[in-house]
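Numbering-wise (this note's numbering), the sequence shown opens with residue 4 and increments by one. Even for Gly, the Cβ is constructed at its ideal location relative to N, Cα and C. Take a look at the structure set out below.
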Amino acid sequence: MTTYTAFPDVQIIILLFSWVGLFIVANSAADNFYDDVDLTWGDHRAQILDEGKSLSLTLDKASGSGFRSKREYLFGRIDMEIKFVAGDSAGTVTAYYLSSEGPYHDEIDFEFLGNSSGEPYIVHTNVYAQGNGNREQKFYLWFDPTKNFHTYSIIWNLQSIIFLVDNIPVREYNNEEAIGVPFPSKQPMRVYSSLWNADQWATRGGLVKTNWSCAPFTAYYRNFNANACVASCTDCSSKMSAQGLEANGRRLLRWVQKYYMIYNYCTDLKRFPNGRPRECRRSRFM
Ligand SMILES: *[C@@H]1O[C@H](CO)[C@@H](O)[C@H](O)[C@H]1NC(C)=O
């Protein structure tokens, strides 16, 4: 007993050392792009950098580029830090989304629409269930997404899908299967991202074209983290049934929707002259 108390520092140092060691192992396993993704198109335009700690996608006149996760997920939380194309990014779109395969696919979308230098990006969100989308909400951001990395997240469970920016919920899409609205609940999805030219529609509805003299355009990624159920896992129950937003999350969501939302399909009466989609009648926050 005296020997233990005689060397308390040593014990603490050993404890600290082993804890730090574990942390490093867990962390490097969690965010190495070599382990987590495949570069799927654009040849050399998609690159894993920095020993797997970061990744870049570029777009030039000949092609864009993209990657997708090696694993498929069914429920959970997916985070990625992204720094978007800087300067004159008009006409470019960086898509970051989850998608299953096949004709009746499910999809949870973030799309980031570039703009002329100094003008704001638009964040476009959508949810597809069994092949049907048409559930757009669009936002401005409260910061310049090209200056620094920011975290873009999707929390997906049986109750809802929550889109977050720097941990602030910008959209909550509830599961209304009980009233017959399809919800992505059965098909595992991969994470995808791509950078491409969409100057027919992206910036000011297609009025501003891509300025190719600024090419190549580049977006950067780091800290991919999937606290999600890999499709083959056996115990998914905690990720499936996780709760929706708490009071504070709800307050933040209201703040974003009040000051930064620029389009909501639920309030687009021209588009749905015969009545709003069913899921919209329940909630203001779809
Ligand atoms: C680009 O800037 C214009 C002018 O500020 C703005 O109307 C538009 O919503 C911005 N974003 C996109 C993607 O067009």
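Where residue i falls, given that 16 or more other Cβ within 10 Å makes a residue buried
i	result
G105	exposed
Y37	exposed
W159	buried
Q203	exposed
S244	exposed
D169	exposed
I125	buried
M251	It is worth fixing the name first, because residue 251 is Asn in this sequence and not Met. Answer is exposed; the Cβ neighbour count stays below 16.
I165	buried
Q246	exposed
D41	exposed
E54	exposed
D46	exposed
G117	buried
E180	exposed
S196	buried
G163	Per the sequence shown, the amino acid found at residue 163 is Ser instead of Gly. Answer is buried; the Cβ neighbour count reaches 16.
R138	buried
E249	exposed
P276	exposed
L272	exposed
S342	Because residue 342 is not part of the residues shown, which for the chain are 4 to 289, the question remains open.
S120	exposed
L210	exposed
K212	exposed
K64	exposed
Three-state secondary structure assigned by DSSP to residue i
i	result
A181	helix
R281	helix
V211	coil
R1	The structure shown does not extend to residue 1, since the chain spans only 4 to 289, so no value can be given for it.
S244	helix
N53	Reading the sequence as shown, one finds Asp at residue 53 and not Asn. Helix, per DSSP.
Q292	Only positions 4 to 289 of the chain appear in this structure, which leaves residue 292 out of reach.
R225	strand
T206	coil
S196	strand
S66	coil
D46	helix
D39	helix
S216	helix
L25	Since pLDDT at L25 reaches only 36, below the 50 mark, its modelled position is unreliable, and the value read off the structure follows with that caveat. Note: L25 maps to helix in three-state DSSP.
Supposed close pair residue i, residue j - CB separation, criterion 8 Å
i	j	result
L198	T43	Actually they do not touch by this definition, with Cβ atoms about 12 Å apart.
S68	A89	S68 to A89, Cβ: 17 Å. No contact.
L255	E175	Incorrect: roughly 11 Å between the Cβ atoms, too far for contact.
T149	K86	7 Å
T206	A93	4 Å
I171	V259	6 Å
A231	F70	Their Cβ separation, rounded to whole angstroms, is 17 Å, which puts A231 and F70 out of contact at 8 Å.
Y100	A229	Not really, about 14 Å apart at Cβ, beyond 8 Å.
N135	L161	Not quite, the Cβ-Cβ distance comes to about 19 Å (not below 8 Å), so this is no contact.
P185	Q140	Contact flag wrong, Cβ pair sits at about 18 Å.
N128	F115	It is worth fixing the name first, because residue 128 is Thr in this sequence and not Asn. Not really, about 10 Å apart at Cβ, beyond 8 Å.
N214	D91	5 Å
Check your understanding: Could you give the uninterrupted runs of the beta strand (DSSP E) lying entirely in the region 71 to 122, keeping only those of 3 residues or more?
Key -> 76 to 86, 95 to 102, 110 to 116
Does the count of Cβ pairs from the region 133 to 149 and the region 248 to 268 closer than 8 Å reach three? yes
### Query
At a cut of 8 Å, does the region 187 to 202 reach the region 108 to 117 through at least three beta carbon pairs?
yes
Count the C-beta pairs between the region 149 to 169 and the region 75 to 82 that are closer than 8 Å, then say yes if the count reaches three, no if not.
yes
Sufficient close CB pairs (3 or more, under 8 Å) joining the region 215 to 224 to the region 51 to 62: yes
I'd like the ranges of any beta strand (DSSP E) spanning at least 3 consecutive residues and lying wholly in the region 120 to 179. 125 to 131, 140 to 142, 153 to 159, 163 to 168, 171 to 177
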